[in-house]
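**Student:**
Laid out in structure tokens, this is it:
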């Protein structure tokens with residue numbers, strides 16, 4: 001029988017061999033790169049008869065199982081499954097050990113069948129990347145026993161495989177017949193959809209700028225789904241920086257399912273802290289009831305979730321929680337499992353682009369063919385920099401020292417000495433170094449090894465390790481790993497810097513008082529493998545120019561296609577005015593704030609309605625709002641507060657009702673300057689009282705210097721392009737449909753510069769306009785909306 005379903009050895013074993021509790025106690029694992037390096041060390045130690053990365057496959061009843069065994073020593077007739085660990089005493093949870101042995105024995109039978117062997121020695125090799133020592137467990141197995149275990153696993157998986165085959169056939173049939181959920185495309189939306197489809201058909205990366213308001217989510221999801229059957233694409237990943245973007249994507253897939261799109265399984269991934277039912281409990285069976293017996297109850301929950309996703313609903317946060325609750329298992333890890341059996345995954349950027357990104361790891365392990373959609377892709381530059389940056393908090397370190405076990409006193413004190421030496425070797429508040437100090441990194445490395453040994457020795461019986469010690473361990477480990485990668489690349493993409501507190505404050509503090517950081521400046525080297533791992537990636541946004549900037553920053557493939565979708569909006573829909581007599585530079589704000597407030601008041605008096613006003617900081621926002629309320633007390637105002645949670649953010653936006661009136665004061669680049677859809681008269685205007693330029697400080701200045709060295713455009717790459725992108729995004733909240741009419745005020749004289757004007761949308765026709773009265777409001781003026789006089793010159 002020819003195989004009808006192909007499964008990776010690891011996936012087969014994870015499906016069939018894991019049992020018992022979910023156990024996430026302190027089990028630090030090496031990175032993927034460290035794992036590869038560790039495998040290389042072990043295999044190079046073996047003799048001339050040793051074969052590494054042995055490709056194997058075996059068919060059983062229409063099922064093809066394939067994978068690569070880590071190594072086979074022909075002379076010793078021993079097959080090895082190599083696992084890297086951190087620390088000689090690192091504890092391996094029982095369910096992981098069961099998985100490792102299942103993988104080893106599956107490969108062993110496949111090799112026996114291929115080489116016609118009657119028996120074989122099977123070994124699981126645990127290699128400690130710190131000590132470079134091996135811990136080997138072996139078992140002599142006869143081929144008949146291995147065959148029986150293999151067939152038992154296949155029989156267990158076959159029923160599921162048949163379900164998956166039926167689902168895939170029905171899914172592809174439905175997607176082939178899928179029609180667009182509206183009577184017609186919006187202007188520009190068809191161009192976007194055709195470009196996305198062609199990128200998927202040709203297996204290319206696409207960078208596309210499409211105007212705000214044309215329906216980019218459904219305009220990208222629809223063609224990507226249509227391409228799946230013909231290109232044999234396994235998964236579609238829709239990645240967004242914001243929860244609002246994920247919500248729109250879920251809504252788009254719901255509309256498409258309503259067009260007979262077949263049994264499309266859609267899942268939403270949320271952060272662990274949002275999904276966890278018992279955040280106060282440790283994540284293992286002895287502490288959390290949802291972890292106890294997790295793998296025993298997982299099969300029934302998995303079946304229920306796949307049925308629900310195929311026939312009734314999407315697996316969003318609420319649906320997964322209900323299914324998990326019905327089966328008494330953890331909803332967060334149920335979601336992790338269901339990624340393997342879903343067609344569309346809606347998640348945050350970090351699930352594919354981060355150092356330990358789950359979606360990327362599963363793609364590599366399972367050999368998936370994936371299409372990736374990156375929503376509001378202009379955000380990926382800063383988000384990726386943050387993903388590959390690590391810093392150590394001196395306050396947290398001092399707190400950890402107080403509670404750390406006595407056995408760790410020496411390695412922690414060595415870190416303390418090195419840290420203090422760094423803090424005291426100069427007076428500058430900020431210092432940059434091209435390489436991380438070797439003594440400091442060495443002290444951190446040894447301290448991590450000591451902490452690992454201490455916690456591993458405590459064993460599984462230790463209910464909960466010291467939270468501060470454990471947090472420091474993982475922070476320090478991330479720091480060391482990024483410092484090592486910085487050294488490997490000659491400091492091209494990252495720098496080491498140190499931020500010191502003022503000397504008079506430092507002298508009063510005990511212990512270390514400087515913040516060291518491995519700071520990423522150029523994320524491109526880290527992101528290139530992610531783009532290479534996808535069949536096709538589409539990055540889309542309303543602000544993706546200049547193209548060279550995003551190519552350079554993100555490390556896009558050489559064959560990346562660029563498409564700029566023409567705006568469907570007309571210049572007469574949006575009155576764009578530049579206030580050339582107002583400066584919002586920091587030094588000028590006190591002097592020009594009365595004029596800014598008067599401009600806003602006169603515009604509101606001319607056309608009352610809903611407006612958003614954007615400022616560069618909460619402080620500037622607060623001062624403007626207070627002065628505006630003093631002079632225009634009858635105009636309703638709402639203010640964005642620091643640290644608003646999702647509920648308060650939603651309440652702020654819900655205040656912009658059709659036919660309403662008032663001004664919302666917000667921070668440029670914050671929650672309300674992008675991803676907000678307020679069509680019609682829910683929003684009729686915006687004031688942007690800043691160019692959005694990042695603050696001039698030592699960190700941004702070193703970014704400017706490095707961008708100048710690498711690309712010859714330091715100021716533009718570090719300040720101008722990121723700033724103007726935020727301005728255009730904020731102004732894009734005003735016109736959302738071809739029936740909208742609105743006004744945007746760009747409040748700063750620099751907006752009139754030719755270089756700035758060239759970066760604004762082509763369909764805008766900004767006019768240099770001034771408010772009517774050349775005398776600015778006096779702080780003791782009693783004027784209000786009725787005293788505004790003539791509105792514009």
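In UniProt numbering, the protein residues as written are 1 to 793.
Virtual Cβ for every residue (Gly too), placed ideally from N, Cα, C.
1. How about the segment 103-122 and the segment 58-72: do they share at least three Cβ pairs that are nearer than 8 Å?
2. Rounded to the nearest angstrom, what separates residue 406 and residue 331 at their Cα positions?
3. Are there three or more Cβ pairs, one per stretch, closer than 8 Å when the segment 680-695 is compared with the segment 527-543?
4. Under three-state DSSP, which class holds residue 508?
5. Just mark residue 666 as buried or exposed, buried being the case when its beta carbon has 16 or more other beta carbons within 10 Å.
6. For residue 55, which residues of its own chain have a beta-carbon under 7 Å away from its beta-carbon, when the five flanking residues on both sides are left out?
7. What residue from 127, 441, 473 and 442 has the CA that sits closest to residue 455's CA?
8. Quick one: Cα of residue 771 to Cα of residue 396, how far?
9. Identify the continuous beta strand (DSSP E) that holds residue 333 and give its terminal residues.
10. Whole angstroms are fine: how far does the CA of residue 732 sit from the CA of residue 753?
11. Between residue 597 and residue 624, how many whole angstroms is the CB-CB distance? I'm expecting something under 8 Å.
12. According to DSSP, is residue 402 helix, strand or coil?
13. Per DSSP, residue 51 is paired with what?
14. Whose C-alpha, out of 234, 71 and 521, is nearest the C-alpha of residue 50?
15. Taking the straight line between their C-alpha atoms, what separation do you get for residue 361 and residue 338?
16. Should residue 757 be labelled buried (16 or more other beta-carbon atoms within 10 Å of its own) or exposed?
17. Using the rule of at least 16 other Cβ atoms within 10 Å of the residue's Cβ for burial, across every protein chain shown, is residue 788 buried or exposed?
18. Out of 517, 383, 452 and 379, point me to the one whose CA is closest to residue 431's CA.
19. On the DSSP bridge list, what partners appear for residue 499?
20. Compare the Cα-Cα distances from residue 524 to each of 208, 385, 47 and 440 and report the closest residue.
21. Taking only three categories from DSSP, how would you classify residue 77?
22. Give the secondary structure of residue 82 by DSSP, where H, G and I count as helix, E and B as strand, and everything else as coil.
23. Work out the CA separation of residue 224 and residue 701 for me, nearest whole Å.
24. On the DSSP bridge list, what partners appear for residue 208?
25. For residue 233 and residue 93, what's the separation of their Cα atoms in angstroms?
26. What does residue 747 pair with, by DSSP beta-bridge criteria?
27. Can you tell me which of 684, 569, 565 and 621 puts its alpha carbon nearest to the alpha carbon of residue 606?
28. Under three-state DSSP, which class holds residue 737?
29. Tell me whether residue 230 is buried or exposed, calling it buried when 16 or more other Cβ atoms sit within 10 Å of its Cβ.
30. Name the one or two DSSP bridge partners that residue 235 has.
31. Going straight from the alpha carbon of residue 460 to that of residue 91, what length do you get?
32. Using the three-state DSSP reduction, which class does residue 631 fall into: helix, strand or coil?
33. Which residues does DSSP list as the beta-bridge partners of residue 100?
34. Measure the Cβ-Cβ separation of residue 236 and residue 343 and say whether it is below 8 Å.
35. Under 8 Å, with one C-beta from each stretch per pair, do the segment 740-750 and the segment 667-686 reach the 3-pair mark?
36. Give a yes or no on contact between the segment 204-213 and the segment 564-577, applying the rule of three or more CB pairs nearer than 8 Å.
**Tutor:** Here's the rundown:
1. yes
2. Locating residue 406 in the chain shown gives position 406, counting from the first residue. Locating residue 331 in the chain shown gives position 331, counting from the first residue. Answer to the nearest angstrom: the Cα atoms are 38 Å apart.
3. no
4. Within the chain shown, residue 508 is the residue found at index 508, counting from 1. With a pLDDT of 46 at residue 508, under the threshold of 50, the modelled position of that residue is not reliable, and no figure is offered here.
5. Locating residue 666 in the chain shown gives position 666, where the first residue counts as 1. Classification for residue 666: buried.
6. For this step, residue 55 is matched to residue 55 along the chain shown. Excluding residues within five positions, the ones whose Cβ falls inside 7 Å are 68.
7. Numbered from its first residue, the chain shown carries residue 455 at position 455. Nearest C-alpha to residue 455: 473.
8. Along the chain shown, one-based indexing puts residue 771 at 771. Along the chain shown, one-based indexing puts residue 396 at 396. The predicted model places residue 771 with a pLDDT of 49, which falls under 50 and marks its position as unreliable, so this point remains unresolved.
9. Translated into positions along the chain shown, residue 333 becomes position 333. Where residue 333 is concerned, there is no enclosing beta strand (DSSP E), although the alpha helix (DSSP H) it sits in stretches over 331-338.
10. Locating residue 753 in the chain shown gives position 753, counting from the first residue. Locating residue 732 in the chain shown gives position 732, counting from the first residue. If you take the alpha carbons of residue 753 and residue 732, they lie about 21 Å apart.
11. Within the chain shown, residue 597 is the residue found at index 597, counting from 1. Within the chain shown, residue 624 is the residue found at index 624, counting from 1. Right, the Cβ-Cβ distance comes to about 6 Å (below 8 Å), so this counts as a contact.
12. Residue 402 sits at position 402 when you count from the first residue of the chain shown. Helix.
13. Here residue 51 is taken as the residue at index 51 of the chain shown, counted from 1. Looking at the DSSP assignment, residue 51 forms a beta bridge with 72.
14. Reading the chain shown from its first residue, position 50 is the one you call residue 50. If we check each option's Cα against that of residue 50, 71 comes out closest.
15. The sequence position of residue 361 within the chain shown is 361, counting from 1. The sequence position of residue 338 within the chain shown is 338, counting from 1. About 15 Å.
16. Residue 757 sits at position 757 when you count from the first residue of the chain shown. Under this definition residue 757 is an exposed residue.
17. Here residue 788 refers to the residue found at position 788 when the chain shown is read from its first residue. Any reading at residue 788 must be qualified, since the residue scores a pLDDT of 27, below 50, and its modelled position is unreliable; the value itself is stated next. By the 10 Å Cβ count, residue 788 comes out buried.
18. Taking the first residue of the chain shown as 1, we reach residue 431 at position 431. Checked all of 517, 383, 452 and 379; the closest Cα to residue 431 is 517.
19. Here residue 499 refers to the residue found at position 499 of the chain shown. BP columns for residue 499 point to 430 and 515.
20. Here residue 524 is taken as the residue at index 524 of the chain shown, counted from 1. When each option's Cα is compared against that of residue 524, the closest is 385.
21. As a first step, residue 77 must be located in the chain shown, where it is residue number 77. Three-state DSSP puts residue 77 in coil, outside helix and strand.
22. Translated into the one-based positions of the chain shown, residue 82 becomes position 82. Residue 82 falls in the strand class under three-state DSSP.
23. Here the question's residue 701 lines up with position 701 in the chain shown. Here the question's residue 224 lines up with position 224 in the chain shown. Residue 701 and residue 224: Cα-Cα distance of roughly 40 Å.
24. Taking the chain shown and counting its residues from 1, one reaches residue 208 at position 208. 540 and 563, per the DSSP bridge assignment.
25. Translated into the one-based positions of the chain shown, residue 233 becomes position 233. Translated into the one-based positions of the chain shown, residue 93 becomes position 93. Taking the straight line joining both Cα atoms gives about 35 Å.
26. Working through the chain shown from its first residue, we reach residue 747 at position 747. In the DSSP output, where bridge partners are listed per residue, residue 747 has 579.
27. Taking the first residue of the chain shown as 1, we reach residue 606 at position 606. The shortest Cα separation from residue 606 among 684, 569, 565 and 621 belongs to 684.
28. As a working mapping, residue 737 is identified with position 737 in the chain shown. Reduced to three states, the DSSP call for residue 737 is coil.
29. On the chain shown, residue 230 is found 230 positions in, with the first residue counted as 1. That one is exposed.
30. Position 235 of the chain shown, counted from the start, is the residue given in the question as residue 235. In the DSSP output, where bridge partners are listed per residue, residue 235 has 370.
31. Position 460 of the chain shown holds residue 460. Position 91 of the chain shown holds residue 91. Bear in mind that the predicted position of residue 460 carries a pLDDT of just 48, short of 50, making it too unreliable to give a figure here.
32. Working through the chain shown from its first residue, we reach residue 631 at position 631. It is helical.
33. For the purposes of this step, residue 100 is taken as the residue at position 100 of the chain shown. Bridge partners of residue 100: none, in fact.
34. Start at 1 with the first residue of the chain shown, and residue 236 comes out as number 236. Start at 1 with the first residue of the chain shown, and residue 343 comes out as number 343. In this structure, residue 343 lies closer than 8 Å to residue 236 by Cβ.
35. yes
36. yes
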